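Student: Residue numbers (this note's numbering): 7 to 69.
We put the CB at the ideal spot given by N, CA and C, even for glycine.
Computed from a predicted structure; not experimentally measured.
Take this structure, written in structure tokens, and hold onto it; I'll ask about it next.
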């Protein structure tokens, strides 16, 4: 992974953290959907993606 791609992932993660801090369920869902697709496309963090998706489903943020 090059530096530019790493920086883009960091921006997405920072946005996801900000959405969680703000407790904005719509923003959490939107950012998580994009972040999950980006991580899955690069086959990164599969275990963490699944666990995070499960937690968000439990809190009724995602389906």
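1. From what residue to what residue does the alpha helix (DSSP H) around residue 12 run?
2. Of all the alpha helix (DSSP H) runs that stay within the bounds of the segment 24-66, which reach a length of 4 or more residues?
3. Is it true that the CB of residue 33 sits closer than 8 Å to the CB of residue 25?
Tutor: Concretely, from the data shown:
1. Locating residue 12 in the chain shown gives position 6, counting from the first residue. Start and end: 9-28.
2. 31-47 and 52-64
3. The residue labelled residue 25 in the question sits at position 19 within the chain shown. The residue labelled residue 33 in the question sits at position 27 within the chain shown. Contact flag set, yes.
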